[in-house]
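Taking my numbering, the leading residue of the sequence shown gets 392, the next gets one more, and so forth.
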Amino acid sequence: MKNKIEESYNKCLNLFKEGKRDTEEYRKELENVIELAKDNNEFKLCYFNAKFRLAQFYNEKHKYDLSKKHFLELINDKNMKEFKLDAIMHHAYDLRILKKYDEAAFWYEKLSELSTSKYYDEAVLEGLAKCATMVNNFEKERENYRILLLSCLNKEDFKGLAEKILNLKSQLLNIIDQKQKEKINNEIIYLNNELDTAYYKLIDIKMKIAKSYFSEKKYEDCRKEVQTIFEFLEYSISDMQDYAITNANMLLGKSYFEEGNFEKAKEYFEPIANTPKEDKYYKYMISDIHSARSFLTKMK
392 MKNKIEESYN KCLNLFKEGK RDTEEYRKEL ENVIELAKDN NEFKLCYFNA KFRLAQFYNE
452 KHKYDLSKKH FLELINDKNM KEFKLDAIMH HAYDLRILKK YDEAAFWYEK LSELSTSKYY
512 DEAVLEGLAK CATMVNNFEK ERENYRILLL SCLNKEDFKG LAEKILNLKS QLLNIIDQKQ
572 KEKINNEIIY LNNELDTAYY KLIDIKMKIA KSYFSEKKYE DCRKEVQTIF EFLEYSISDM
632 QDYAITNANM LLGKSYFEEG NFEKAKEYFE PIANTPKEDK YYKYMISDIH SARSFLTKMK
């Protein structure tokens with residue numbers, strides 16, 4: 392029996408490594424491990440791992456009922472500790488997708504009680520915010536996103552990081568040694584990635600808050616929130632700011648459109664609609680570009 396369990400489990404791992412995690416072969420092998428190892432204490436970890444992977448398999452196949460069934464069985468197993476927090480997080484996600492928002496919120500709160508990790512705390516706040524969105528509890532949605540904002544860098548952090556990158560670039564001009572140049576270049580790449588990630592996180596949350604105001608038809612509050620995004624972008628030295636500005640301007644245009652202030656709306660829609668195809672972010676902005684053109688057509 393021991394050899395059969397190990398053989399089946401290793402086959403699962405190999406199928407996963409080969410990129411076959413979405414195949415029926417992978418699913419059947421996971422079920423085989425679960426069946427073989429379910430009553431074998433020596434292979435409890437293999438059993439839990441296989442069951443977790445099977446739940447993920449169904450999640451990725453959008454079979455959320457089956458996914459949550461397996462995650463809940465893992466959560467309720469008193470012997471299972473290794474994957475409990477992840478299982479709760481995924482179970483709450485499945486419930487949210489299935490539009491069972493009260494149940495999802497319950498499990499997000501449970502995850503918050505059990506977790507001491509920033510990773511899970513952020514998943515909880517994001518999950519609770521999205522649950523609130525779906526039941527039109529916009530105030531609660533914004534409350535969770537504002538707590539999430541506390542984990543973002545502040546203006547001074549962004550300014551300091553940008554200055555550090557610019558100083559390193561300045562140093563490169565005076566360095567001849569190739570190894571030293573390579574070392575500084577690698578540090579610049581690392582810090583640039585850190586800066587981009589930090590900007591993306593902050594702008595994503597702030598845009599969600601602004602969109603929450605928009606959904607509640609609080610257009611002035613929406614615009615005020617968008618303006619705070621521009622305040623942070625003044626320290627940006629990344630190309631991604633152009634994409635962020637497009638998203639922000641699109642929302643500003645829509646807010647004026649909803650108020651019937653078409654002249655003001657055009658000020659924001661026209662530059663987006665006329666984005667040249669040569670723009671490096673054109674393919675990412677295509678949805679906003681078409682949307683801006685559509686709004687301009689409506690205002691003719």
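The beta carbon of each residue, even a glycine, is placed where N, CA and C say it ideally should be.
CB residue i to CB residue j, shorter than 7 Å?
| i | j | result |
| --- | --- | --- |
| C403 | E420 | yes |
| R614 | L643 | yes |
| A478 | A495 | no |
| I538 | L502 | no |
| V526 | Y499 | no |
| I566 | K572 | yes |
| A441 | I466 | no |
| A332 | M480 | The requested residue 332 does not occur in the structure, where the chain is confined to residues 392 to 691. |
| L544 | A601 | no |
| E607 | F529 | yes |
| L593 | I575 | no |
| S506 | L476 | yes |
| Y455 | L489 | yes |
Excluding the 5 residues preceding and the 5 following residue i in the sequence, name in chain order all residues of the same chain whose CB lies nearer than 7 Å to its CB.
| i | result |
| --- | --- |
| Y675 | Y634 |
| K521 | R487 |
| N470 | K435 |
| Y672 | D633 and Y634 |
| F660 | G644, A683, F686 and L687 |
Using a Cβ-Cβ cutoff of less than 8 Å, which residues in the same chain neighbour residue i once the five nearest sequence positions on both sides are dropped?
| i | result |
| --- | --- |
| K645 | F605, A656 and F686 |
| R418 | L445 and F448 |
| I556 | I579, L582, N583, L586 and I628 |
| P667 | Y673 |
| T414 | L406 |
| L519 | A496, Y499, E500, K531 and N535 |
| F474 | F439, N440, F443 and L465 |
Within 10 angstroms of its Cβ, does residue i collect 16 or more other Cβ (buried), or is it exposed?
| i | result |
| --- | --- |
| T524 | buried |
| Y510 | exposed |
| Y647 | buried |
| L564 | exposed |
| H681 | exposed |
| D568 | exposed |
| T637 | buried |
| S399 | buried |
| N577 | exposed |
| I677 | exposed |
| D679 | buried |
| G651 | exposed |
| N640 | buried |
Near residue i, what residues of its chain come up, given a Cβ to Cβ distance below 6 Å and the 5 sequence neighbours on each side ignored?
| i | result |
| --- | --- |
| K334 | The chain is shown only over 392 to 691; residue 334 falls outside these bounds and no answer can be derived. |
| M690 | F653 |
| S603 | F529, E532 and R533 |
| L540 | I596 |
| S458 | A446, Y449, N450 and D485 |
| P662 | none |
| F462 | A446, A478, H481 and H482 |
| D612 | Y604 |
Contact between the region 609-624 and the region 584-597 (3+ Cβ pairs under 8 Å): yes
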